Amino acid sequence: MSAVTPPQNQRKILSLNEEHLQLLTGIASFIGVPVELENVSDTLTKLDGAVALQEKRLAEAIQIRQACHRTYEALHHSFKAFMSRLKSDPQTQKTLQSHHAEHMRALRHEHVAATLFDDLKSRRTDCIRKKTACEEDIEKCKEMKTRLKAIYETVFEVEKGPFCSYTPKCYPEEYKVRKALAKAKGDLHEDMSLLKREENAYDFLRHAERVCQDSLAKYENAIRPDSLQKPRDLVKEGDRLLGKARCLLKSAKDAQRLIDCDGLLKLVPCRTCTTMTNRCEEERKFRESVVPLVENIPQLVRSIQTEASWCHHRICQYRRDVEFTERLVEAHEERLADVRRSIFEHAMNSARYRVRQNETDTTNQSAEHLPPYELIESQSQS
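Residue numbering for the sequence shown follows the working numbering, starting at 981 and increasing by one per position.
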């Protein structure tokens, strides 16, 4: 015969069963299992199955983490060995430093060539401006020459008047007029000589301008922007290749970061998580994204090595092009210096010759016995 439970104990058991039901209802709603109060044992069985499934998934995630960790350790060890070999090889370090120095020197030469080209363009503009000013001066001198010719002819006609042989004693006024006319003729002759020297100087200036323009055209052909376009394209290509290598290294670093232990543990689902379904989806996506990255890391390393060798080839080609451009610019600079020297020597010799010729003309001719204008013109032209 069974013992009868006291009323106070029955109330305690009833309250305990209510607490269990509340706890069971919360767990079932947490994992999405419907609660059936009539069949509590089936609900507990479903809960045990769900917990076992989550434990199995957790074990698989831990295995994936361990495999990724081993792969990361191997890659890290290989990378450290590669960097140690690279640092211990002095020839590689020397080659990289020389490539960097050549690249910077090429950029400096390009800047100098562009500066020289701009300077030559400004000088050419200045020469054109001076030529225009000289042409205007020549026009003014021609007009002055025409007026001087008319005045000279007028004076020459007056000089042949009726008092051409009068003496100062008999005709003092006429003698003063004759003397003034002679002085005017002398001044006119001096003006005509100056004008002729100006025309000769202008002819020499035009010759010097033609020589300078020929030298400038040759120099512009040597350092025109088309010849500098190829080094600029090579610099852009090198920058593009370096950028691509940096992207590849960034991808490798991202792969290493993703397979890091701490990063993987943050994505493993927890038994007490409130969004279990979303976490499992993230775990699946993570697994699908990590495995291809780990498999592609050797291919990325080979691609980086290929790009590095290609960069080395292009840098060598760029160095040869820059050396050729330097030799060409030096040759044209020497040619331009020779042309300037010859122009200066020719100008000095012409100036000395004109000074001696003017001194000779001044000594041989008198201010009171001047030839007609046509004779002066023929002598100046000869």
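Note that beta-carbon positions come from the ideal geometry of N, C-alpha and C, so glycine has one too.
Since we're looking at a predicted model, the values are computed, not measured.
In the structure shown, Asp1098 adopts helical secondary structure according to DSSP, grouped into three states. In summary, Ala1086 is buried, with 16 or more beta-carbon neighbours lying within 10 Å of its beta-carbon over all protein chains present. The three-state reading of DSSP puts Asp1028 in helix, counting H, G and I together. Taking the Cα of Phe1304 as reference, the smallest distance to any Cα among His1089, Asp1028 and Ile1108 is reached at His1089. Classified as exposed, Ala1081 has fewer than 16 neighbouring CB atoms from the shown chains inside 10 Å of its CB. Within 10 angstroms of the beta-carbon of Ala1054 lie fewer than 16 other beta-carbons, which makes it exposed. In this structure, the straight-line span from the alpha carbon of Ala1047 to that of His1079 is close to 41 Å. When rounded, the separation of the alpha-carbon atoms in Gly1029 and Gln1043 is 21 Å. In the three-state reduction of the DSSP assignment, Asp1318 falls in the helix class, which pools H, G and I. The C-beta of Ala1093 has 16 or more other C-beta atoms within 10 Å across all chains shown, which makes the residue buried. Of the residues assessed, Ala1041 falls on the buried side of the cut-off, its CB having 16 or more other CB atoms within 10 angstroms. DSSP, reduced to helix, strand and coil, places Asp1106 within a helical segment of the structure shown.
A direct Cα-Cα distance of roughly 29 Å separates Arg1300 from Ser1068.
Taking C-beta separations shorter than 8 Å and ignoring five residues to either side along the sequence, Ala1032 has no partners in its chain.
If you draw a straight line from the Cα of Ala1039 to the Cα of His1049, it is about 15 Å long.
Just so you know, the alpha carbons of Arg1109 and Phe1097 end up roughly 19 Å apart. It is roughly 23 Å from the alpha-carbon of Asp1106 to the alpha-carbon of His1091.
Between the alpha carbons of Met1063 and Gln1073 lies a gap of roughly 12 Å.
Inter-residue distance for His1083 and Glu1119 is about 55 Å (C-alpha atoms, whole angstroms). Annotation: Gln1071 to His1057 spans about 23 Å, alpha carbon to alpha carbon.
The alpha-carbon of Tyr1052 is positioned some 58 Å away from that of Ala1311.
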